[in-house]
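Numbering (my numbering), first residue to last: 225 to 401.
Each residue gets a CB set at the ideal place from its N, CA and C atoms; glycine is no exception.
Treat the numbers as computed from the prediction; the structure is a model and nothing was measured.
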Amino acid sequence: MDAGEDARLAPSAPPPQTPSPPSTPSLASALPPPIGDPVDAQNPWERCRTGYAPLGDPKRDVLQLGLMCGPSTGMRVFDERVEGVAPGEQTKQLEGKTGECFRVVFAAERGVDAKLSWSSAAAHIGEGSAARLMSRRGQALIAPGASALCLSAPGVLALRLETRGGGRYAYQILKRR
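Have a look at this one:
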């Protein structure tokens, strides 16, 4: 046998092992899942918020939720985003036409407690409590949660916001015609 044949017949050594990098969890898996009201996956008004965890930046959270829950339900931004600092109360009135639907997206830092309510003397459908989303960093509300407030006759709508505690918040009204 020649040296070349010897090399071919000799048992081969296993390739050198390179240590695998330690497994690190992704940021998404490191954070606890968002906490919030249960979502009805069959309801498009609720489904848009599935899995969203507020980041604690009210302006950004309102923008993201507006993008998630606006176009998917046929809604667009109605008015400029409003920003504020808790505690306080404010009411926003708007004129609505027959067939128009409204919804508000609200976000706040963790130290803010908020209550949102719609009222109207005009005939309407879609009342209900706000849907809540919470994370360690912030919180968000979508009101009404399970649908939009839709007018069956023209009239004035009022959105009332009461905040307690301390911290920044933002909200924006969405509308569908």
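{"Check": "Given Thr169 as reference, the closest of Arg361, Leu381 and Ala367 once Cα atoms are compared", "Outcome": "Beyond the ends of the chain as shown, which are 225 and 401, falls residue 169; an answer cannot be given."}
{"Check": "Distance, Leu340 Cα to Glu304 Cα", "Outcome": "18 Å"}
{"Check": "For Pro282, the first and last residue of its enclosing beta strand (DSSP E)", "Outcome": "First-last for Pro282: Pro282 to Cys293, but that is the alpha helix (DSSP H), not the beta strand (DSSP E)."}
{"Check": "Buried or exposed by the 16-neighbour rule on C-beta atoms within 10 Å, applied to Gly390", "Outcome": "exposed"}
{"Check": "Ala332 versus Ala277, Gly350 and Leu318, residue with shortest Cα-Cα distance", "Outcome": "Ala277"}
{"Check": "Which listed residue (Leu289, Gln396 and Ala377) has its alpha carbon closest to that of Glu270", "Outcome": "Leu289"}
{"Check": "Reference Glu307, options Met299, His348, Thr387 and Cys374, closest by Cα", "Outcome": "Thr387"}
{"Check": "Beta-bridge partners of Gly395, as assigned by DSSP", "Outcome": "One detail in the question is off: residue 395 reads as Tyr in this sequence, not Gly. Bridge partners of Tyr395: Val306 and Phe330."}
{"Check": "Residue nearest to Pro222 in terms of C-alpha spacing, selected from Pro368, Gly294, Pro295 and Ile349", "Outcome": "This structure cannot settle anything about residue 222, because the visible part of the chain is limited to 225 through 401."}
{"Check": "With 16 other Cβ atoms within 10 Å as the buried cut-off, status of Leu291", "Outcome": "exposed"}
{"Check": "C-alpha gap between Pro368 and Phe330, whole angstroms", "Outcome": "11 Å"}
{"Check": "Reduced DSSP category for Thr297 - H, G, I as helix; E, B as strand; rest coil", "Outcome": "helix"}
{"Check": "DSSP-derived helix/strand/coil call for Arg271", "Outcome": "helix"}
{"Check": "Whole-number beta carbon distance between Lys399 and Arg300, since they are thought to touch under 8 Å", "Outcome": "6 Å"}
{"Check": "Spatial distance of Val336 from Gly298 (CA atoms)", "Outcome": "30 Å"}
{"Check": "Euclidean distance between Cα positions of Pro311 and Ser344", "Outcome": "25 Å"}
{"Check": "Beta-carbon contacts of Cys325 that lie in its chain and below 6 Å, excluding the five residues immediately before and after", "Outcome": "Ala372, Cys374 and Arg400"}
{"Check": "8 Å Cβ cutoff met for Gly362 and Leu287", "Outcome": "no"}
{"Check": "Exposure label - Val328; buried when at least 16 CB within 10 Å", "Outcome": "buried"}
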